[in-house]
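There are 2 protein chains.
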Amino acid sequence: MTEGEHGTRAAPGADEPPAARGPRERMVRAAAELIQSQGVSGTGLRAVVARAEAPRGSLQHYFPGGKDQLVSEALRSMGALAGRGVGRVLAGLEQPSPAALFAGIVDRWRQAFLADGFDAGCPLVAAASDVAAASDRLRAVIADAFTLWGEPLTEALVAAGVDAPRAEQLATVLIAALEGAIVLARVHRDVGPLDAVVAELTPLLEVAG
Amino acid sequence: MTEGEHGTRAAPGADEPPAARGPRERMVRAAAELIQSQGVSGTGLRAVVARAEAPRGSLQHYFPGGKDQLVSEALRSMGALAGRGVGRVLAGLEQPSPAALFAGIVDRWRQAFLADGFDAGCPLVAAASDVAAASDRLRAVIADAFTLWGEPLTEALVAAGVDAPRAEQLATVLIAALEGAIVLARVHRDVGPLDAVVAELTPLLEVAG
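Those protein sequences? They're chains A and B, same order as listed.
Sequential numbering from 0 applies to the first sequence in numbering that gives the first Met the number 0.
Sequential numbering from 0 applies to the second sequence in numbering that gives the first Met the number 0.
Here it is in structure tokens:
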């Protein structure tokens, strides 16, 4: 496989203060960022340690469970980050509605792509693609991480007026559409697919609130 | 990373006669199937040759461009297969409509998951996740492969009554939603996300025709 520059960035929602991070937290974050651009199989432990500027040997110290443990923590942390991102978008809406909520969530990815380029995608999709079939334990971790995103989205949809029984199904569809659009945006190096899902789903969401 | 059984299957639409395949074609298909469950980085050339039951050394013979060439052909062939699948679904509809077309396309994945399990996903999403950032050449191949699927879908939507200017955008959204739902279905080992996108998008599609 051709080697090249792996530009990475934190996912939208990564607006947490970086200052107080210790080596352990930096390694989790570095793993997540590398997975975003090159998947789990392509993410080497040496690269994680180097990116995190962590002391040699610290990986063994902080993650006795090895790569599985590090990857699991990275994926869960990114799911939780996405979940907090939903809360931030909801809190920023003057008039909460399902359409405005979805547009706001998609816009975080749109802005990130425009600012940082298209190298980094969703680490949960990357992990689902290359390790979910081989490791049932990691598959369950990815499922948990999606739940850490999906549950706050379901709650936010209810807060924006969607009937509770429907909100969970709608959250699944919005996450699916966004994830697929992120893949297409990366592949085409164009935010058009993100704009397309917002344009097509807005009328649906306008009658869902 | 934990090693395990890599169950793989051909993508929906893979209902082509397997009989007359030579070693070259078998290697392309084997590469696609392995990418479906473990990504490009996780797919080794030895495993491809073994799965294809191809003679040793045949890889070098048929694919002088190495793994990049093999992966490129695998991804393009799967994009084309998905495109032909759209045509088959359209041809099978008594009364073509955008909603019936989408439900039929999703149902091919649904049936495949129920029959073969959840190990194999879309090889284009897998490749986008682990090599698109590192190789601009492979990224362009993935984009082409998505186009081999998206263009027939756009044409089928027009045939089902969608205005031409909107059909392309709608095709993008349907592919995005399906791809995201495939990821979620694999992760949860449940076809629920596929049912969810059909349920939520059907009302939208019913007024698009």
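Where is the CB? At the ideal position from N, CA and C, for every residue including glycine.
Of the residues B:G149, B:H187 and B:D135, the one whose Cα lies closest to the Cα of G149 of chain A is B:H187.
Not a single CB atom of chain B sits nearer than 8 Å to the CB of D115 of chain A. G38 of chain B is positioned such that its CB atom lies closer than 8 Å to that of S128 of chain A. Scanning the region 121-198 of chain A from its first residue to its last, the whole alpha helix (DSSP H) runs of 4-plus residues come out as 122-129, 135-158 and 163-187.
One finds A142 in chain A with Cβ atoms closer than 7 Å to the Cβ of H187 of chain B, taken in chain order. Residue environment for P63 of chain B: exposed (fewer than 16 other C-beta atoms within 10 angstroms of its C-beta).
V39 of chain B carries a coil assignment under DSSP once its states are collapsed to helix, strand and coil. For I104 of chain A and A176 of chain A, the gap between their C-alpha atoms comes out near 12 Å. Spatial neighbours of A159 of chain B in its own chain (CB-CB distance under 6 Å, excluding positions within 5 residues in sequence) are listed in chain order as P95, S96, P97, L100 and G208. For V105 of chain B, the uninterrupted alpha helix (DSSP H) segment begins and ends at P97 to D115. Counting other Cβ atoms within 10 Å of its Cβ, E72 of chain B reaches 16 or more and is therefore classed as buried. Straight through space, the alpha carbons of R83 of chain A and G21 of chain B are spaced by roughly 52 Å.
If you draw a straight line from the Cα of R109 of chain A to the Cα of A53 of chain B, it comes to about 45 Å. Using a Cβ-Cβ distance cut-off of 8 Å, the region 123-143 of chain A and the region 152-171 of chain B are not in contact, since fewer than three pairs of beta carbons, one from each stretch, lie closer than that value. Using a Cβ distance threshold of 8 Å, Q35 of chain A and A131 of chain A do not count as a contacting pair.
Residues of chain A with a Cβ closer than 9 Å to the Cβ of E72 of chain B do not exist; the shortest Cβ-Cβ separation is about 15 Å.
Note on geometry: alpha-carbon atoms of F112 of chain B and L44 of chain A lie some 33 Å from one another.
The alpha-carbon of R28 of chain B is positioned some 8 Å away from that of A51 of chain B. Unbroken alpha helix (DSSP H) stretches of 4 residues or longer found wholly inside the region 27-72 of chain B: 44-51 and 57-61, given in chain order.
Within the same chain, F101 come within 6 Å of L173 of chain A by CB-CB distance, once the 5 residues on both sides are set aside.
Apart from sequence neighbours up to five positions away, the residues of its chain that approach L92 of chain B with a beta-carbon distance below 7 Å are A99, L100 and G103, ordered along the chain. Take the alpha-carbon of T171 of chain A and the one of S57 of chain B: they are about 44 Å apart.
The CB of P164 of chain A never comes closer than 8 Å to any CB in chain B; the least such distance is about 12 Å. Note on geometry: alpha-carbon atoms of A125 of chain A and I141 of chain B lie some 15 Å from one another.
The shortest CA-to-CA distance from L169 of chain B to any of B:G65, B:L152 and B:V47 is the one to B:L152. Within chain A, the C-beta atoms nearer than 7 Å to that of A125 of chain B come from S128 and D129, in chain order. With contacts defined by Cβ atoms closer than 8 Å, L69 of chain B and V47 of chain B form a contacting pair.
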